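*Asks:* Protein chains in written order, with my numbering: chain B, 578 to 731; chain R, 578 to 731.
Using N, Cα and C, we set each Cβ at its ideal position, and we do this for glycine too.
The structure displayed is predicted, hence computed values, not measured ones.
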DNA sequence: ATCCATACTTGACTCGTTCAAGAGACGTGC
DNA sequence: GCACGTCTCTTGAACGAGTCAAGTATGGAT
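1) Identify each residue in the stretch 694-716 of chain R for which the Cβ-Cβ distance to at least one residue of chain B is less than 7 Å, and report them in chain order.
2) For residue 666(B), which beta-bridge partners are listed by DSSP?
3) Would residue 656(B) and residue 644(B) be called neighbours here (beta carbons separated by less than 9 Å)?
4) Just mark residue 602(R) as buried or exposed, buried being the case when its beta carbon has 16 or more other beta carbons within 10 Å.
5) Tell me whether residue 597(R) is buried or exposed, calling it buried when 16 or more other Cβ atoms sit within 10 Å of its Cβ.
6) What is the rounded straight-line gap between the Cα of residue 665(B) and the Cα of residue 677(B)?
7) From 706(R), 650(R), 714(R), pick the residue whose C-alpha is nearest to that of residue 701(B); which is it?
8) Please confirm whether residue 637(R) and residue 646(B) have their CB atoms less than 9 Å apart.
9) Is it right to say residue 661(R) is buried, meaning 16 or more other beta carbons lie within 10 angstroms of its own, or is it exposed?
10) Going by CA-CA distance only, name the one from 623(B), 582(B), 675(B) that's closest to residue 703(B).
11) Which residues does DSSP pair with residue 610(R) in a beta bridge?
12) Tell me which residues of the stretch 666-677 of chain R have at least one Cβ-Cβ distance to chain B shorter than 9 Å, keeping chain order.
13) Taking the alpha carbon of residue 668(B) as the point to measure from, which residue in 695(B), 628(B), 648(B) has its own alpha carbon closest?
14) Within the 9 Å Cβ cut-off, does residue 648(B) reach chain R?
15) Starting from the Cα of residue 611(B), find the closest Cα among 653(B), 692(B), 663(B) and give me that residue.
16) Under 8 Å Cβ-Cβ, which residues of chain B neighbour residue 688(R)?
17) Excluding the 5 residues preceding and the 5 following residue 728(B) in the sequence, name in chain order all residues of the same chain whose CB lies nearer than 6 Å to its CB.
18) Of all Cβ atoms in chain B, is any one closer than 9 Å to the Cβ of residue 730(R)?
19) Short of 8 Å Cβ to Cβ, which residues in the stretch 584-607 of chain B face chain R?
20) Would residue 641(B) and residue 590(B) qualify as a contact pair, given that the criterion is a beta-carbon distance under 9 Å?
21) One question on the structure: do residue 618(B) and residue 609(B) come within less than 9 Å of each other, judged by their Cβ atoms?
In structure tokens form, the structure reads like this:
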């Protein structure tokens, strides 16, 4: 796996360094991990990396297209390895959990706005907001009827 | 207009205060304004309001459903008055400019994911990323051919 | 007019992220 | 295999949006 990442780095014209390999490993192990989680994951392998190194790696890898950075409203930045397949995300309003959702259209931009105000559009990002299974069962466990959605701010 | 906002506040069960009216006015005058811009707008009418008051107003009004808060990745929070019509946004990658885009579907959630991982979904938020007319003409003004999209990170 | 809950003021503080300067390591060319 | 130049990492400080907390003021019900 690290061998894989090694090749991937090289073919993107990036230097192969331990922190970068560890960052790729960490994101691979925990998709949608935020920077703190990535840092923690990296430090399992390299206990002394600086947080700055992780920030640098994450932005270098993101710029090279090896990572994708997502940031739902109210959340810190999160990263994932799955790039180039134009998929989307479901986000839990309660706990912030993120899950992948395949794009039913396929190619980016997967949607076309009716009025574009003269913008040149290259991507349509879709975020589904809702409640994850865990939080659903925790907030409405007593009734068998359809759960009432508690939308706190909308 | 302030008369309008007065009524709107009352019918939402919120106290009518000068800062709140001024916040509504400011957002009305500058749709998609960030907190700093709202604060500046409010201070035109009320030079001594605290930034905290503006934060409090914005969150109270958002919670009451009078304002909608949007936060594209990498941006600070922005606010708009247009609520309840399930519209979306186009965001310029270069300057951060935001414009409204009507939802072609109509009702929320306007899209349904193919796999929902057990999430109870109540909203689909769509953000179109691209380049606004001003930034387009600034980066590719010399050719008459189709502009090359410079996607800096993806 | 009085009173209480809510809203605002003031000022400090948190946390994710970025900046800057110098030490260290990757990899190319010899 | 070795030296060199450039990119990357370490260290430590700083920034800015947003939040917390305690006390004062004000809206609106009685």
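*Replies:* Quick answer:
1) Legend: CB atoms of the stretch 694-716 of chain R lying less than 7 Å from CB atoms of chain B belong to residues 694, 695, 696, 697, 698, 699, 700, 701, 702, 703, 704, 705, 706, 707, 708, 709, 710, 713.
2) When DSSP reads this structure, residue 666(B) sits in a beta bridge with 677(B), 704(B).
3) It is a contact, given that the beta carbons lie within the stated cut-off.
4) A residue is called buried once 16 or more other Cβ atoms fall within 10 Å of its Cβ, and residue 602(R) is buried on that count.
5) Result: buried.
6) It is roughly 6 Å from the alpha-carbon of residue 665(B) to the alpha-carbon of residue 677(B).
7) Comparing alpha carbon positions, the residue from 706(R), 650(R), 714(R) closest to residue 701(B) is 706(R).
8) The answer is no: Cβ separation not under 9 Å.
9) When all chains shown are included, residue 661(R) counts as exposed.
10) That would be 675(B), whose Cα lies nearest to the Cα of residue 703(B).
11) Under the DSSP definition of a beta bridge, residue 610(R) partners with 656(R).
12) The stretch 666-677 of chain R vs chain B, Cβ under 9 Å: 667, 668, 669, 670, 674, 676, 677.
13) Here the closest residue by C-alpha is 648(B).
14) Residue 648(B) has a beta carbon lying within less than 9 Å of a beta carbon in chain R.
15) With respect to the C-alpha of residue 611(B), the residue from 653(B), 692(B), 663(B) having the closest C-alpha is 653(B).
16) Simply 703, 705.
17) For residue 728(B), the predicted structure reports a pLDDT of 34, less than 50, and the residue's modelled location is therefore unreliable. A value from the coordinates is still provided. So no residue of the chain qualifies.
18) Its pLDDT being 33, under 50, residue 730(R) is placed unreliably in this model, and the value from its coordinates should be taken loosely. So yes, residue 730(R) belongs to the interface.
19) In summary, no residue of the stretch 584-607 of chain B has a CB separated from any CB of chain R by less than 8 Å.
20) Taking 9 Å as the cut-off, the Cβ atoms of residue 641(B) and residue 590(B) count as close.
21) In this structure, residue 609(B) does not lie closer than 9 Å to residue 618(B) by Cβ.
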